[in-house]
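Trainee: Before I ask anything, let me first share the structure, which is written out below as structure tokens.
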Amino acid sequence: MLKLYRKWWLFLFSLLVSQYGLQAFGQTNFEKYRLKTVSDLTEYEALVRQDSSVALVALKQYIPNIQLDIRYATSNNLMGEPMYQSAGAFLSLPAAKALQAVQEELKKQGVGLKIYDAYRPYAVTVAFYEKVRDTVFVASPYRGSRHNRGCAVDLTLVDLKTGKELKMPTPFDEFSPQAHSQYAKLPKKVLKNRQLLQEVMLKHGFEIYPDEWWHFDFSGWKEHPVMDISFEELNKTKQ
Ligand SMILES: [Zn+2]
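Residues 1 to 239 in full-length UniProt numbering are what the sequence shown spells out, letter by letter.
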């Protein structure tokens, strides 16, 4: 009987290993939330060698004149304290290329992009959750965020001449009915600005997120792994 049990345990263990990979064992976040993430730089680099589309690339290098206002690297955010050690703005390669096309198209109208947040390491999503214990305003650590896959971006439009933001329905991260992507009771100019942002993002492969006018997901996000590589580590890799 004991032998039979042992066999069962061995079978179960090998099943788990084959599903999640040995590396995942021993990771605190994995143990807590049972989500497989790419959290090791060597593993990340091996994945990128296999499939360059999962590479996380710096937006500054891909998109000329893009403005960065990475709020989670400052205290000016929902959490009231810096959640990033540095102001990184990375996206997966195809999402970065799509955003490059968006900026190029907007240029004709004297308009550019300002990024509030892009790729977010999974550990930060966990920190958000553990701080607020809520999954309405922050992503569930059991599933991760599309930001963790380098396939979501929070952004707005700026006037290229003045560098100033165009008027939008609400400030970034204001969770109110006005933040909804279809909220209609707004001044005409604001509606026009939001529509311009939505149209150009849709045209280049992004999807509208209903609850937040500033958030867009890159289609095909499901194909990208949840990553937990810090900006500092990404800066060490060849971009
Ligand atoms: Zn977002």
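We treat Cβ as the ideally placed atom computed from N, Cα and C, and that holds for glycine.
Report the rounded CA-to-CA distance for lysine 222 versus leucine 91, giving the unit in angstroms.
Mentor: Between lysine 222 and leucine 91, the C-alpha separation is close to 14 angstroms.
Trainee: Is it a yes or a no for the region 133-142 touching the region 151-171, going by three-plus beta-carbon pairs under 8 angstroms?
Mentor: No, they do not touch.
Trainee: Give me the DSSP bridge partner(s) of methionine 227.
Mentor: Paired residue(s): Val38.
Trainee: Classify histidine 204 as helix, strand or coil using the three-state DSSP reduction.
Mentor: Three-state DSSP puts histidine 204 in coil, outside helix and strand.
Trainee: Using alpha carbons as the reference points, say which of Gly205, Phe172, Val102, Leu155 lies closest to residue 241.
Mentor: Here the chain has residues from 1 to 239 only, and residue 241 is not among them.
Trainee: Got a sec: is the Cβ-Cβ distance from valine 102 to anything in chain C below 8 angstroms?
Mentor: In the displayed structure, chain C is absent; only one protein chain is listed.
Trainee: Who are the near neighbours of proline 82 in its chain, counting only those whose CB is closer than 8 angstroms to its CB and skipping five residues on each side?
Mentor: Tyr72, Ala73, Thr74, Ser75, listed in sequence order.
Trainee: Could you check which residue in Tyr116, Pro94, Arg146, Gly110 has the C-alpha nearest to that of threonine 125?
Mentor: Comparing Cα positions, the closest option is Arg146.
Trainee: Under 8 angstroms between the Cβ atoms of leucine 35 and valine 190?
Mentor: Against a cut-off of 8 angstroms, the Cβ pair of valine 190 and leucine 35 comes out as no contact.
Trainee: In the DSSP assignment, find the unbroken beta strand (DSSP E) run with threonine 125 in it and report its ends.
Mentor: No beta strand (DSSP E) holds threonine 125; the alpha helix (DSSP H) holding it covers 122-132.
Trainee: Could you tell me whether the region 109-126 touches the region 153-160, where touching means 3 or more Cβ pairs closer than 8 angstroms?
Mentor: Segments in contact, yes.
Trainee: So the candidates are Cys151, Ala123, Leu93, Leu160; which of them puts its Cα closest to the Cα of tyrosine 142?
Mentor: Per the Cα distances, Ala123.
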